[in-house]
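With the first letter of the sequence shown counted as 1, position 201 gets the number 201 in the UniProt record's numbering; the numbers rise by one all the way through. All C-beta atoms in this analysis are idealised placements derived from N, C-alpha and C, irrespective of residue type, glycine included. A quick write-up on the structure given underneath.
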Amino acid sequence: MQTNRPFEYLIPDALSDVVVPGMRVEVPFGRGKRKIQGFVMKVKDTSDFQGKLKPIVRVIDLKPVLSNEMLKLSYWLADRTYSFQISCLQTMLPSVMRAKYKQFVVPIVENDPEVVALLQGKPTFEITNQLDDETIKLINKLRKNKKVDIQYVVQNQAVQVKRQAVTTDLNVIQLHEEKSKLRANAKAQIKLLEYLTAHLHDLPVEFNVLEKDYGISRAAIKTAEKNHLVKITEVTKLRKPVGMTPEKTTKMSLTDEQKQAVDQIDEAITDEDPKTFLIEGVTGSGKTEVYLQSIDKALQQGKTALMLVPEISLTPQMVNRVVGRFGDQVAVLHSGLSNGERYDEWTRIENHEVKVVVGARSAIFAPLENIGLIIIDEEHEASYKQDDNPRYHARDVALWRAKVNKSPVVLGSATPSLESRARAEKGVYQMIRMKKRVNEQKLPQVQIVDMRDAENSAVKGDFSPVLQASLQETLNKHDQAIILLNRRGYSSFMMCRECGFVLKCPNCDVSLTYHKDLGKMKCHYCGHEEPMPQFCPNCRSKKIGFYGTGTQNIEQQLNDLFPQARVLRMDVDTTRRKGAHAKILSQFGQHKADILLGTQMIAKGLDFPDVTLVGVINADTTLSLADFRASERTFQLLTQVSGRAGRAQKSGHVVIQTFNPDHYAIKDAAKQDYETFFKQEMYIRHQSNYTPYYFTTLISVANQDEGKTLKRSYWLKKQLQTALSDDAILLGPSPTMISRKQNKYYYQIIVKYKHEPKLHQRLLEILNETQADAKSGFTVAIDNEPQHID
Ligand code: ADP
Ligand code: ZN
Ligand code: ZN
Numbered sequence: 001m002q003t004n005r006p007f008e009y010l011i012p013d014a015l016s017d018v019v020v021p022g023m024r025v026e027v028p029f030g031r032g033k034r035k036i037q038g039f040v041m042k043v044k045d046t047s048d049f050q051g052k053l054k055p056i057v058r059v060i061d062l063k064p065v066l067s068n069e070m071l072k073l074s075y076w077l078a079d080r081t082y083s084f085q086i087s088c089l090q091t092m093l094p095s096v097m098r099a100k101y102k103q104f105v106v107p108i109v110e111n112d113p114e115v116v117a118l119l120q121g122k123p124t125f126e127i128t129n130q131l132d133d134e135t136i137k138l139i140n141k142l143r144k145n146k147k148v149d150i151q152y153v154v155q156n157q158a159v160q161v162k163r164q165a166v167t168t169d170l171n172v173i174q175l176h177e178e179k180s181k182l183r184a185n186a187k188a189q190i191k192l193l194e195y196l197t198a199h200l201h202d203l204p205v206e207f208n209v210l211e212k213d214y215g216i217s218r219a220a221i222k223t224a225e226k227n228h229l230v231k232i233t234e235v236t237k238l239r240k241p242v243g244m245t246p247e248k249t250t251k252m253s254l255t256d257e258q259k260q261a262v263d264q265i266d267e268a269i270t271d272e273d274p275k276t277f278l279i280e281g282v283t284g285s286g287k288t289e290v291y292l293q294s295i296d297k298a299l300q301q302g303k304t305a306l307m308l309v310p311e312i313s314l315t316p317q318m319v320n321r322v323v324g325r326f327g328d329q330v331a332v333l334h335s336g337l338s339n340g341e342r343y344d345e346w347t348r349i350e351n352h353e354v355k356v357v358v359g360a361r362s363a364i365f366a367p368l369e370n371i372g373l374i375i376i377d378e379e380h381e382a383s384y385k386q387d388d389n390p391r392y393h394a395r396d397v398a399l400w401r402a403k404v405n406k407s408p409v410v411l412g413s414a415t416p417s418l419e420s421r422a423r424a425e426k427g428v429y430q431m432i433r434m435k436k437r438v439n440e441q442k443l444p445q446v447q448i449v450d451m452r453d454a455e456n457s458a459v460k461g462d463f464s465p466v467l468q469a470s471l472q473e474t475l476n477k478h479d480q481a482i483i484l485l486n487r488r489g490y491s492s493f494m495m496c497r498e499c500g501f502v503l504k505c506p507n508c509d510v511s512l513t514y515h516k517d518l519g520k521m522k523c524h525y526c527g528h529e530e531p532m533p534q535f536c537p538n539c540r541s542k543k544i545g546f547y548g549t550g551t552q553n554i555e556q557q558l559n560d561l562f563p564q565a566r567v568l569r570m571d572v573d574t575t576r577r578k579g580a581h582a583k584i585l586s587q588f589g590q591h592k593a594d595i596l597l598g599t600q601m602i603a604k605g606l607d608f609p610d611v612t613l614v615g616v617i618n619a620d621t622t623l624s625l626a627d628f629r630a631s632e633r634t635f636q637l638l639t640q641v642s643g644r645a646g647r648a649q650k651s652g653h654v655v656i657q658t659f660n661p662d663h664y665a666i667k668d669a670a671k672q673d674y675e676t677f678f679k680q681e682m683y684i685r686h687q688s689n690y691t692p693y694y695f696t697t698l699i700s701v702a703n704q705d706e707g708k709t710l711k712r713s714y715w716l717k718k719q720l721q722t723a724l725s726d727d728a729i730l731l732g733p734s735p736t737m738i739s740r741k742q743n744k745y746y747y748q749i750i751v752k753y754k755h756e757p758k759l760h761q762r763l764l765e766i767l768n769e770t771q772a773d774a775k776s777g778f779t780v781a782i783d784n785e786p787q788h789i790d
């Protein structure tokens, strides 16, 4: 069973100078001989413990891996997120230290006699479990005197590996020609050419990928090489992220609105006032320049700055803007980095080599010291909340760190979350509004197309006459267009046209998604996959169809409608490989394509001057979510994507196709009118007792046995009830929208409340009590202020 409190251990004499808070150590635990890993939280001279203290077995790190600030944060975080402190500590660690790694001593002062003796002529000294105490003491002393440093190297990535890969000199047309010359039974060759055509912008591709994912053998590749269809090259496995060498930029002269914003933030940095600003700035109002110049103010005062952006907009565009301004003073942290690269960035931060950190959610735990400013761009993004334990929101952590560091926080968005906007209303946050676009361009003109109209619904495919005409016009002018397909993961499914059978995942209560390029059916929840069926598994009819509008389908429609247009597709399939995302965007930026088609991932942050048209297909998809934030999410998405049009000299045009043209989320988004939307949505939240009028906590229970799940849920409900007053609202237990995932049944209870002094303690008790349940296959999760309810 996990425990949620610290334990006391004896520090052996030999390690007395070595052990400091923030290190990991190995200790015996429980009655048996079991040894576990622990974090040193505190070192004391005496102990009140009555029994005999057990000694620490060995130190795992020779230098602390977590700072005092992080150790302190872990207490608060565990309490706030109802999770175990150990899981908070582990979350804060750079991921390399959760992987398999080796530790090395590397010299700083090479000619020091003790260093020379330790290294014995080798460039580094490996730290193993078997080191004697004397050696550990020596290393520790040398490290304290800054004569050596300790480095972690991920084991399987320590060496750079070269791998065979395929590329081609042929263009799309030539590939088509070559394909038509092939005999119909040259299946592997056809497959290979099809792959190359679809991924032309993302070559070279490794042999491995072709073999594993597409079943294209080495022999087939060699044949293609002999026929001059492809070339064989090598790729290095550890590539640096693309687009990391941006041109140096200098400060722009600010507009009045920008200047006002920077001045206010500057004042708070100078006064070391940990207040929170909310910048509500329309798309294109120049928020980024405000961030950059505010960061500069912090640096001028000898401080550091931390900037969070959503993973999805960690495109080279945003990174380039920051790196372009501050050069190698910047460390970038995101999931596209390998463990090794991530560790390198982490080390640079720890060694005070950088002054600015840009990263996604977990970068909020960066070991930056002397923070003068924390910025959260697109603060409304749900991805700032972690879906797993510990379920923390980066915004909350930012506010905590800001208080400790006495630094202001800047939250920015064109569409702030209702929570933040409401806090600004109450004066908890200080509001900064930026109402004008920098270029004095009007906001794009938005046209709503009612897809229920006969004219539109009669249209074959997904493009209304209005959108078709607008696209044609854009192409004629040699401008660029962005097409957003608003979709949910599993929209492309298999159905039998004879009996209506839908192919579902055997483990989850969802239909399987059809992946054309893999020729497979996949479950997006558990990863289950199976080959595409040739006939209906239910009635054996051959009349099976693949339904739903996936991006591949839309791409096909675009190709049919505008054969001359060059289309780039951006979705989970085309961005799976490292750097692919950046590559697509840079190609679009260089105007090597006319239309960028994509899912939600293209909605944010992109700034391309030639884009004058944005089209939205299926604006309603997000409206139909069974979540109280459905309207908010829809409004945000539509406003954000509309803001991609007309950002430079040219004016923009937006076409939104919808079946709900009268819905306020769609109408207000069309006008880019956040304030009107805010008022209407606040009214509705008030009516339905939701955030920000009420606090919300969600407790979910899962088990393989549905009866047991329900029973446990009712027991939990009772536990909660006895701690709550009559003012609290308790909903459920009810099955979640997808009630079965990975063969487990999910039920949830929702608590909505304003002031319940006993609730916090009760939830902590539940956390502890339900630990024992884990053994009998129960998963109980407590989500404080959930981002998704489904
Ligand atoms: P937002 O993030 O608010 O949507 P951006 O920060 O992307 O807007 O700015 C929009 C465009 O205006 C960018 O191309 C940016 O380079 C440009 N810009 C911003 N501030 C200025 C300024 N003071 N002078 C000239 N151009 C600016
Ligand atoms: Zn059938
Ligand atoms: Zn599944």
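Measuring from the CB of residue i, is there a heavy atom of ligand 3 at a distance below 6 Å?
{"i": "N743", "result": "no"}
{"i": "H515", "result": "no"}
For residue i, count neighbouring C-beta atoms within 10 Å of its own C-beta (all shown protein chains included) and say buried if the count is 16 or more, exposed if not.
{"i": "K334", "result": "For the sequence presented, residue 334 should be read as His rather than Lys. Burial call: buried."}
{"i": "I656", "result": "buried"}
{"i": "S180", "result": "exposed"}
{"i": "H380", "result": "buried"}
{"i": "G359", "result": "buried"}
{"i": "G643", "result": "buried"}
{"i": "D45", "result": "exposed"}
{"i": "F608", "result": "buried"}
{"i": "L337", "result": "buried"}
{"i": "A158", "result": "Below a pLDDT of 50, predicted positions are generally treated as unreliable, and A158, at 39, falls in that range; no measurement from the model is reported."}
{"i": "V438", "result": "buried"}
{"i": "G732", "result": "buried"}
{"i": "R239", "result": "For R239, the predicted model reports a pLDDT of 37, less than 50, meaning its position is unreliable and no value from the coordinates is stated."}
{"i": "D377", "result": "buried"}
Any chance the CB of residue i is under 6 Å from a heavy atom of ligand 1?
{"i": "K287", "result": "yes"}
{"i": "G281", "result": "yes"}
{"i": "L443", "result": "no"}
{"i": "M97", "result": "no"}
{"i": "T249", "result": "no"}
{"i": "M307", "result": "no"}
{"i": "M252", "result": "yes"}
{"i": "D256", "result": "no"}
{"i": "D296", "result": "no"}
{"i": "G284", "result": "yes"}
{"i": "V438", "result": "yes"}
Can you name the start and end residues of the beta strand (DSSP E) that residue i belongs to?
{"i": "A78", "result": "Looking at the DSSP string, A78 is not in any beta strand (DSSP E); the run it does join, the alpha helix (DSSP H), is N68 to T81."}
{"i": "S739", "result": "I729 to K741"}
{"i": "N471", "result": "Just to set this straight, residue 471 is Leu in the shown sequence, not Asn. It is not in any beta strand (DSSP E) - L471 instead sits in the alpha helix (DSSP H) that spans P465 to N476."}
{"i": "K522", "result": "K520 to K522"}
{"i": "R24", "result": "R24 to P28"}
{"i": "A648", "result": "Counting along the chain, A648 falls outside any beta strand (DSSP E), and DSSP gives it neither H nor E."}
Start and end of the alpha helix (DSSP H) containing residue i?
{"i": "T634", "result": "A630 to S642"}
{"i": "Y291", "result": "K287 to Q300"}
{"i": "H653", "result": "H653 -> not in any alpha helix (DSSP H); beta strand (DSSP E) instead, spanning H653 to T658."}
{"i": "P113", "result": "P113 to L119"}
{"i": "Y195", "result": "K187 to A198"}
{"i": "N339", "result": "N339 to E350"}
{"i": "I371", "result": "Taken as a continuous stretch (DSSP letters only), I371 belongs to no alpha helix (DSSP H), being part of the beta strand (DSSP E) at I371 to D377."}
For ligand 5, any of its heavy atoms closer than 6 Å to the Cβ of residue i?
{"i": "D607", "result": "As far as ligands go, the structure on display features ligand 1, ligand 2 and ligand 3 and does not contain ligand 5."}
| said: Which residues end up in the neighbourhood of ligand 3 when you take C-beta atoms closer than 6 Å to any of its heavy atoms? | reply: C505, N507, C508, C523, Y525, C526 and H528
| Taking one C-beta from the region 552-570 and one from the region 523-530 each time, how about it: are there three or more such pairs within less than 8 Å? | no
| field | Cβ contact check for the region 272-289 and the region 633-647: 3 or more pairs under 8 Å | value | yes
| message | Contact between the region 674-686 and the region 402-420 is defined here as three or more beta-carbon pairs at a separation below 8 Å; is this criterion met? | response | Touching, yes, given that three or more Cβ pairs across the two stretches are closer than 8 Å.
| Is the region 348-365 touching the region 271-281, taking contact as three or more C-beta pairs under 8 Å? | Segments in contact, no.
| task | Evaluate the contact criterion for the region 177-197 versus the region 143-154: three or more CB pairs, one atom per stretch, below 8 Å. | result | no
| message | Counting beta carbon pairs with one atom in the region 292-300 and one in the region 260-271, are three or more of them shorter than 8 Å? | response | With contact defined as three or more Cβ pairs closer than 8 Å, the region 260-271 and the region 292-300 are in contact.
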